[in-house]
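A quick write-up on the structure given underneath.
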Amino acid sequence: MTNVDQLKKPSAKPVKKSRFSALKRLISYKYFVPFAKILIPWAFILSALFAIAGLYYGLFDSPVDYQQGDTVRIMYIHVPAAILSSALYMFMAALSVLFLIFRIKLFPVIARSAAVLGAVYTLITLVTGAIWGAPTWGTWWVWDVRLTSVLILFFLYLGYIGLDNAFEDREKANMGISILAIIGVVIVPIIKASVYLFATLHQKSTIFASGGPSLDAAMLKPLVLMMIAYVLFTAGYILLKSVHLIYKEQLLQVYTKN
């Protein structure tokens, strides 16, 4: 007589495996590309609308700062870029960890799509920070921990992009950039903590302060609108770039086969 329990046990692992296989299919190129194509235009359209509103309120409705005057308006470009420059690197590092664990090839595609934009945001942060700092601090640049760590982040982005382009073999490139992203992410908490742990000219956060935002409401509104615009543009760009890289990879595979 057959033991019923013995018949049930072997089915446990295949069920778990099939669920994981189903999840991998959902985040495969086949499903990602059409889904991305739906989201891309909406992301860019909404980004433009929020940016128009944010720039209008930032330039014409928000008050001048009693110390910095109109110079403070550069905040609406600088702050979202600064936040996303760090956030995108953490995003890339998270995707890299997932890739090394699950070997899903979509993850490094999305990560490398974010890298160029992350580098651009970091450069915007450095340039606008220098423009903002010149009249406020009396200098364009100072080698304090906050500014230096952001500069290191910019070089990490450039290193990531350069390493990715150094390999013709995509598998080797995926491994290399994933390891670099994970190692380099240590710079992000240094950037965040630098204004609290070290003497620096850069002010502490007025948005994510422990007691809530200390920014005037008339300044906070355009800043939030611009932040949303940046996030939507970032999402649209990453999706568009990812689709482009997927098509490029598939065309290369067809070419090499022929």
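Residue numbering for the sequence shown follows the UniProt record's numbering, beginning at 1 and increasing consecutively.
Note that the Cβ used here is the ideal one computed from N, Cα and C, for glycine as well.
Please read these numbers as outputs of a predicted model, since none were measured by experiment.
If you check the beta carbons only, do Ala181 and Met92 fall under 8 Å apart?
-> Working through the sequence shown from its first residue, we reach residue 181 at position 181. Working through the sequence shown from its first residue, we reach residue 92 at position 92. A contact, by the Cβ cut-off of 8 Å.
Under 8 Å between C-beta atoms of Thr128 and Ala81 | As a working mapping, residue 128 is identified with position 128 in the sequence shown. As a working mapping, residue 81 is identified with position 81 in the sequence shown. The answer is yes: Cβ separation under 8 Å.
Near Thr2, which residues of its chain fall below 8 Å by C-beta distance, leaving aside the five closest residues on each side in sequence?
-> Translated into positions along the sequence shown, residue 2 becomes position 2. Per-residue confidence for Thr2 stands at a pLDDT of 48, beneath the threshold of 50, marking its modelled position as unreliable; the derived number appears in the next sentence. Result list for Thr2: empty, nothing under 8 Å.
Per the contact definition of three or more C-beta pairs closer than 8 Å, is the region 103-111 in contact with the region 232-250?
-> yes
Leaving aside the five residues before and after Ile161 along the sequence, list all residues of the same chain whose C-beta is less than 7 Å from its C-beta, in chain order.
-> Here residue 161 refers to the residue found at position 161 when the sequence shown is read from its first residue. Contacts found: Ala115, Val116 and Ala119.
Which of helix, strand or coil DSSP assigns to Gly138 = Stepping through the sequence shown from its first residue, residue 138 is reached at position 138. Here Gly138 sits in coil by DSSP.
Can you round the beta-carbon distance between Ser62 and Pro189 to whole angstroms, since I take them to be within the 8 Å contact cut?
-> Taking the first residue of the sequence shown as position 1, residue 62 is located at position 62. Taking the first residue of the sequence shown as position 1, residue 189 is located at position 189. Actually they do not touch by this definition, with Cβ atoms about 31 Å apart.
With contact counted as at least three CB pairs below 8 Å, one residue from each stretch, are the region 63-71 and the region 223-240 in contact?
-> no
4-residue-minimum alpha helix (DSSP H) runs that sit fully inside the region 64-140, ordered along the chain = Those alpha helix (DSSP H) runs which fall completely within the region 64-140 and span 4+ residues are 75-102 and 106-137.
Contacting residues, own chain, Cβ-Cβ under 7 Å from Ser194 (five flanking each side not counted) | Taking the sequence shown and counting its residues from 1, the one referred to as residue 194 is at position 194. Within the same chain, Val145, Arg146, Ser149 and Thr200 come within 7 Å of Ser194 by CB-CB distance, once the 5 residues on both sides are set aside.
Counting only the same chain and skipping the five closest in sequence on each side, list residues whose C-beta sits under 7 Å from that of Leu158.
-> For the purposes of this step, residue 158 is identified with residue 158 of the sequence shown, where counting begins at 1. Contacts found: Ala119.
Straight-line Cα distance separating Val97 from Tyr29 | Residue mapping note: residue 29 aligns to position 29 of the sequence shown, counting from 1. Residue mapping note: residue 97 aligns to position 97 of the sequence shown, counting from 1. Those two C-alpha atoms are separated by around 19 Å.
To the nearest whole angstrom, what separates the beta carbons of Asp169 and Ile177, a pair I think is in contact under 8 Å?
-> By one-based count along the sequence shown, residue 169 stands at place 169. By one-based count along the sequence shown, residue 177 stands at place 177. That pair is no contact at about 12 Å.
In angstroms, rounded to a whole number, what distance separates the CA positions of Leu240 and Trp141?
-> Your numbering for residue 240 matches position 240 in the sequence shown. Your numbering for residue 141 matches position 141 in the sequence shown. Rounded to the nearest angstrom, the two C-alpha atoms are 35 Å apart.
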